[in-house]
Amino acid sequence: MSDEAVQPYQRIVKNVRDKIRSGQLTAGTKLPSTRELADTYDVAPGTVQRALTELRTAGLIYSHQGRGSFVTETASESAEDSTARALRRLEEQIADLTARLAKIEEGHSS
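Take any residue in the sequence shown, count from 1 to its spot, add 789: that is its number in our numbering.
The following block contains the structure:
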């Protein structure tokens with residue numbers, strides 16, 4: 790999907806999600822204000838609010854009236870968990886391929 794096809798609020802959601810996954814935003818980190826995010830992404834404050842609502846619904850952030858929005862504990866944990874799961878899958882695939890290669894080489898050496 791090209792950037793043009795992505796709604797502006799979805800771009801903000803994806804960017805914040807990516808920053809959580811990469812560890813740039815960790816549990817308890819305060820997000821910039823709605824006005825700062827609107828300026829950063831060159832969108833209306835209502836667009837930022839829509840993105841924040843989606844991030845809250847996904848359990849990635851929580852908000853305190855008058856204090857701002859913060860990354861949840863579970864957002865960082867779930868990002869780490871998904872990374873750990875992906876690494877385990879890759880390790881299993883490598884082990885499987887190594888075993889297959891050993892069988893192939895065994896068959897050719899006879």
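The beta carbon of each residue, even a glycine, is placed where N, CA and C say it ideally should be.
Asked, Found
"Look at the Cβ atom of V802, then the Cβ atom of L844, and state whether they are nearer than 8 Å.", "yes"
"The alpha helix (DSSP H) spanning S811 covers which residue range?", "P797 to S811"
"On the DSSP bridge assignment, give the partners of V860 in chain order.", "I850"
"Can you tell me whether DSSP reads A884 as helix, strand or coil?", "helix"
"Express the C-alpha separation of R806 and G848 in angstroms, rounding to a whole number.", "11 Å"
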